[in-house]
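Colleague:
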Amino acid sequence: IFHKFKTTDPYDALMDITDCAMAQMDSPCAAYVEQVGGYVGGEGAPGSAMFNFGEGCGYIRGLLRALRVRTVYVRPQVWQKGLPGMASLKGPERKRALRDEAARRFPQVKVTLDNCDALLIAEYGQRMERNQ
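Structural data, given as structure tokens:
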């Protein structure tokens, strides 16, 4: 389900997604979330950035749990497997390639560097749910 929501508040967005998914499916919805490690940032990244990232991850996990949304954590190597042209790319080049691939797959959505991973993970999740 790819729906353009009008909110940027994570709780409101998750409520909208849950309502939309439940209305369109016979079974409870699932959220596919990228499994992240404990370290974010690079050289010179402040500890506060890592704290904020972890806090955000915990917030999303807690909301999904409270809403009783089945959550599947998937490593980047898994959801990116099979995407064309990614094998040799790293860093910003890889991110731009992910954006371009998401834009190709979702021409109806304004794809950015910020939302391309989410779109591709959602598509991966749809494929996995269909194959169950």
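Taking the working numbering, the leading residue of the sequence shown gets 24, the next gets one more, and so forth. Where is the CB? At the ideal position from N, CA and C, for every residue including glycine. Here the structure is a predicted model, which is why all the values come from computation and not from measurement.
1) Quick one: residues in its chain with C-beta nearer than 7 Å to the C-beta of residue 28, no 5 flanking neighbours on either side, listed in chain order?
2) Quick one: what's got a C-beta closer than 8 Å to residue 135's C-beta in the same chain, skipping five residues either side?
3) Indicate the three-state DSSP secondary structure (helix, strand or coil) for residue 117 in the structure shown.
4) Which of the three DSSP states, helix, strand or coil, is assigned to residue 145?
5) Tell me whether the region 107 to 125 and the region 68 to 76 touch, counting them as touching only if at least three CB pairs, one residue from each stretch, are closer than 8 Å.
6) What residue from 115, 113, 140 has the CA that sits closest to residue 124's CA?
7) If you count every other CB in all the chains shown that lies within 10 Å of the CB of residue 143, and 16 or more means buried, which is it?
Modeller: Quick answer:
1) In this prediction, residue 28 has a pLDDT of 47, which is less than 50 and means its spatial position is unreliable; what the coordinates show is noted afterwards. Excluding positions up to five away in sequence, the list reads 36, 39.
2) Apart from sequence neighbours up to five positions away, the residues of its chain that approach residue 135 with a beta-carbon distance below 8 Å are 122, ordered along the chain.
3) Looking at residue 117 - three-state DSSP - the assignment turns out to be helix.
4) Residue 145 falls in the helix class under three-state DSSP.
5) No: fewer than three Cβ pairs fall under 8 Å.
6) Residue 124 has its Cα closest to that of 140, out of 115, 113, 140.
7) Taking a 10 Å sphere around the C-beta of residue 143, we find 16 or more other C-beta atoms and assign the residue as buried.
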